[in-house]
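Following: one structure in structure tokens, then a few remarks.
There are 2 protein chains.
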Amino acid sequence: MSEIVTAAMVVIGDEILSGRTKDRNIGHLADIMTAVGIDLKEVRIVPDEQEAIVEAINALRSRFTYVFTTGGIGPTHDDITADAVAAAFGLPCEYDDRAYRLLDEHYEARGIEFTEARKRMARMPRGARHIPNPISVAPGFAIDNVFVMAGVPAIFQAMLDQIVPTLRTGAKLLSVSIPSPLPEGTIGGPLGEVQKAFPETIIGSYPKYVDGRFWTELVIRSRSEETLQAAKAEIERMLDRLLQQS
Amino acid sequence: MSEIVTAAMVVIGDEILSGRTKDRNIGHLADIMTAVGIDLKEVRIVPDEQEAIVEAINALRSRFTYVFTTGGIGPTHDDITADAVAAAFGLPCEYDDRAYRLLDEHYEARGIEFTEARKRMARMPRGARHIPNPISVAPGFAIDNVFVMAGVPAIFQAMLDQIVPTLRTGAKLLSVSIPSPLPEGTIGGPLGEVQKAFPETIIGSYPKYVDGRFWTELVIRSRSEETLQAAKAEIERMLDRLLQQS
Chain Y
0 MSEIVTAAMV VIGDEILSGR TKDRNIGHLA DIMTAVGIDL KEVRIVPDEQ EAIVEAINAL
60 RSRFTYVFTT GGIGPTHDDI TADAVAAAFG LPCEYDDRAY RLLDEHYEAR GIEFTEARKR
120 MARMPRGARH IPNPISVAPG FAIDNVFVMA GVPAIFQAML DQIVPTLRTG AKLLSVSIPS
180 PLPEGTIGGP LGEVQKAFPE TIIGSYPKYV DGRFWTELVI RSRSEETLQA AKAEIERMLD
240 RLLQQS
Chain C
0 MSEIVTAAMV VIGDEILSGR TKDRNIGHLA DIMTAVGIDL KEVRIVPDEQ EAIVEAINAL
60 RSRFTYVFTT GGIGPTHDDI TADAVAAAFG LPCEYDDRAY RLLDEHYEAR GIEFTEARKR
120 MARMPRGARH IPNPISVAPG FAIDNVFVMA GVPAIFQAML DQIVPTLRTG AKLLSVSIPS
180 PLPEGTIGGP LGEVQKAFPE TIIGSYPKYV DGRFWTELVI RSRSEETLQA AKAEIERMLD
240 RLLQQS
């Protein structure tokens, strides 16, 4: 019997809250977590302000197995995630020798100046583990159960690929989708009865509004294939019955 | 001198956290808030669980001018937002007479049964104000500074359009974007100096990674056009200087 493994995400960046940048990382993390059997339970989007970042990380890291952050680890003055994560853990934020050497060699080899700004990307909380960055070298880092990654989607995805194999994962939440031509208002009552009869499943009902017509996607989730199929059969019988009545 | 008006958002729904549905409401709200001069300061995505919804709403409603929620106001058993918002305010959640009549008439006129499930959509915290729903009738509602809206994007957007003219709005945060061919590592140091010289602006630096190349979008935000233009001129001088050196 596998344990339940949970996660939360903190998206850091004024540009998401202003609408200038549309986040593409939340949906990606959600997909990956679902695929490996980790329950993503909460996401917070916070501005580039240390107090807001510290509060979000400390609220979530004690409550969930893992916390993933995106954004704010670049070289500019508004990249304050490393300092904020260090503050959340009460640790000093300092140049990491290995990250410093990696970046120094990387820029040296390309004839690019290793500016003070670039050196900022070698800063992390004391004792942090690296998360390799196969795209632009500057590593993300992990401290305890908090994984700090880039906001640029290509780099975030590459970093996440590095760490996913190292995570504990739970029993995969299986799901099956049943399209219903009947709207939620018709199926809502009987569907609630099915949910009661199968308390170990999570039955979701998602109204779709396409071309002026409503239909409903019903999704059953369960960690047991057998339970999933039993609930699916029950919902299909329910839909048949309602369709005959209508 | 206009006041600062702030907002937070609570996105309610397991389907967003599982990745099955990709949220499209956060970016829309962010755009609208920026357009009318309200600062969106935090977004939380929470599951269809009363405790999580209550906690998010109570944490945010005391801290920001407005809280907007999306999701969980349909007719099925997993639509628990009305109950959760009522619980957050310590109010009873009950059938609203006017909403009940609206829905009853709507379904009557269409020869559709007003099922128990559909009646659920008339429930709201006692004393709530309606948010009209021009698409599918079932209203959203507002209680104090919390605005509860649908998760279906077309309906959410229509509801938001109804309430935006009723909101207090602040001085619009103006912004200007300056594309920089130089990467963040080169401009980071001097850019930090410009930020220090213009403390009343917010200068953001957004790395872009396209076709294997990095460039940087610099965004200056200010409530004063004069300050904005002064900071822009200073950054353009900085970029010219750095480009001549490189």
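These protein sequence lines map, in sequence, to chains Y and C.
The end of the first sequence is residue 245 by numbering that gives the first Met the number 0, with every number in the run present.
The end of the second sequence is residue 245 by numbering that gives the first Met the number 0, with every number in the run present.
For every residue, glycine included, the Cβ atom is placed at its ideal position computed from N, Cα and C.
On a predicted model such as this, the values are computed, not experimentally measured, just so you know.
Buried or exposed: where does residue i fall if 16 or more other Cβ atoms within 10 Å of its Cβ makes it buried?
i, result
"Y/L242", "exposed"
"Y/G126", "exposed"
"Y/M0", "The predicted position of Y/M0 is uncertain, since its pLDDT is 45 and thus under 50; a value taken from the coordinates is nonetheless stated next. With fewer than 16 other Cβ atoms within 10 Å, it is exposed."
"Y/E84", "Glu is not the amino acid found at residue 84 of chain Y; the sequence shown has Val there. Y/V84 is buried by the Cβ-count criterion."
"Y/A100", "Per the sequence presented here, residue 100 of chain Y reads as Arg, with Ala not at that position. Looking at its Cβ environment, which holds fewer than 16 other Cβ atoms inside 10 Å, Y/R100 is exposed."
"C/R97", "exposed"
"Y/L28", "buried"
"Y/V151", "buried"
"Y/S179", "buried"
"C/E235", "exposed"
"C/R212", "exposed"
"Y/N132", "buried"
"C/R43", "buried"
"C/R122", "buried"
"Y/Y94", "exposed"
"C/E2", "exposed"
"Y/A149", "buried"
"Y/Q244", "exposed"
"C/D47", "buried"
"Y/P164", "exposed"
"Y/A87", "buried"
Can a CB atom of chain C be found closer than 8 angstroms to the CB of residue i?
i, result
"Y/L16", "yes"
"Y/Y205", "yes"
"Y/P74", "yes"
"Y/T68", "no"
"Y/G71", "no"
"Y/R100", "no"
"Y/E41", "yes"
"Y/R117", "yes"
"Y/G36", "no"
"Y/D22", "yes"
"Y/D210", "no"
"Y/T33", "yes"
"Y/Q243", "no"
"Y/D103", "no"
From the DSSP output, read off the bridge partner residues of residue i.
i, result
"C/R62", "Paired residue(s): none; C/R62 is not in a bridge."
"Y/P178", "Y/E216"
"C/A7", "C/E41 and C/V66"
"Y/P46", "Paired residues: none, contrary to the question."
"Y/E192", "Its beta-bridge partners do not exist; DSSP assigns none."
"C/Y99", "C/Y99 pairs with nothing; no bridge assigned."
"C/K207", "C/W214"
"C/M201", "First, the amino acid is wrong: residue 201 of chain C is Ile here, not Met. Its beta-bridge partners are C/R220."
Please report whether the beta-carbon of residue i lies at a distance below 8 angstroms from any beta-carbon of chain Y.
i, result
"C/A170", "no"
"C/I219", "no"
"C/M0", "For C/M0, the predicted model reports a pLDDT of 45, less than 50, meaning its position is unreliable and no value from the coordinates is stated."
"C/P46", "yes"
"C/R19", "yes"
"C/T226", "no"
"C/A230", "no"
"C/T200", "no"
"C/A153", "yes"
"C/G26", "yes"
"C/Q156", "no"
"C/A51", "yes"
"C/A29", "yes"
"C/T114", "yes"
"C/D160", "no"
"C/D239", "no"
Check distances from the C-beta atoms of the stretch 170-190 of chain C to those of chain Y and list, in chain order, the residues that come in under 9 angstroms. L172, S174, S176, P182, E183, G184, T185, I186, G187, G188, P189 and L190
Quick one, which residues of the stretch 81-97 of chain Y are near chain C if we go by CB-CB under 7 angstroms, in chain order? none
Enumerated in chain order, which unbroken segments of the beta strand (DSSP E) with a length of 3 residues or greater are wholly contained in the stretch 106-180 of chain Y? 122-124, 128-132, 136-142, 145-148 and 173-179
Listed in chain order, which residues of the stretch 132-144 of chain Y have Cβ atoms closer than 8 angstroms to some Cβ of chain C? I134 and S135
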